[in-house]
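Worksheet for the structure shown next.
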Amino acid sequence: MKQNKVTSIIALVVGVVMVCTQTASADVTVVYKINASNGGGTQTIRYADKQHVRLDMGSVGNRKMSMLKLGDKVYSITGKVVQDMSQLSAMMASMGLEKKKSHKAQVPIKFEDTGKTETIAGLLGKVYRFEEKGRSHEVVLADNKDLHAAVSAAMAITRAVADMMPSGPENRIQQNAAIKNMAILRLDNTMHIQLLNNATIPAAIFKLPSAPQKMGGLGRLMKSALGR
829 MKQNKVTSII
839 ALVVGVVMVC
849 TQTASADVTV
859 VYKINASNGG
869 GTQTIRYADK
879 QHVRLDMGSV
889 GNRKMSMLKL
899 GDKVYSITGK
909 VVQDMSQLSA
919 MMASMGLEKK
929 KSHKAQVPIK
939 FEDTGKTETI
949 AGLLGKVYRF
959 EEKGRSHEVV
969 LADNKDLHAA
979 VSAAMAITRA
989 VADMMPSGPE
999 NRIQQNAAIK
1009 NMAILRLDNT
1019 MHIQLLNNAT
1029 IPAAIFKLPS
1039 APQKMGGLGR
1049 LMKSALGR
């Protein structure tokens, strides 16, 4: 399964439990292992509060990218290079590259409780089945306040990015009262949680390594490349 397909399905599944956001009792660190045909990688969420959230995505070959939410701003970090995603969004909109909203009828995703349970990384979860684009999947969800808060905050970051991309994943999630306070432990053999802890997160984790890049020059370069 390709990495972008994996990400799309994960977004769909995780999105269903983001309807009602809970608040964590302390700092939260979550590590997910991602399996994909290209080798996969890890996703690490560090959560202090809704205004201080970091998502680190590492892949085979030590390629790493981070997203950092500070207040209402979301930044992408690659090495020492920092980009303000709101500026990038505005630049794309000015070039007519913003994501077009879909008017297609949304198909709800329904989750079937199998009655089974599974423990992963010391966390007990319930096993559900669902169908997405004609394929059956199995997901394990846990009722854990800290995990839910951290994953909710990380999804807020990914939504901010997806909403400005021309081909971002569509949100076809139906609110399900039985699972709205749960968070994902496993999706098929595609991903599973490796770690959840409440160790204090150093303040430096939520600091930018450099000032955000100016978009003026990049915008002109992109317009020239696109002939606009």
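Once you know that position 125 of the sequence shown is 953 in this note's numbering, the rest is easy, because the numbers rise by one and skip nothing.
For glycine and all other residues, C-beta sits at the position ideal for the given N, C-alpha and C.
The Cβ atoms of G953 and M1010 lie closer than 9 Å to each other. The Cβ-Cβ distance between V967 and D1016 falls below 9 Å. By a beta-carbon distance limit of 8 Å, L1013 does not contact V858. Their separation comes to about 10 Å. For R987, the three-state secondary structure derived from DSSP is helix.
Distance from the CA atom of R891 to the CA atom of P1030, rounded to whole angstroms, is 23 Å. Rounded to whole angstroms, K908 and I1007 show a C-alpha spacing of 39 Å. Put simply, the backbone Cα of V955 is about 47 Å away from that of K1042. Cα atoms of A982 and T942: separation of roughly 28 Å, rounded to the nearest angstrom.
Contact check for G867 and S887: beta-carbon distance about 7 Å, within the 8 Å limit, so the pair qualifies. DSSP links R963 through a beta bridge to E960. With distances taken between CA atoms, M885 lies nearest to T870 out of D877, L898, L896, T870. With a 10 Å radius around the Cβ and a threshold of 16 neighbouring Cβ atoms, S964 comes out exposed.
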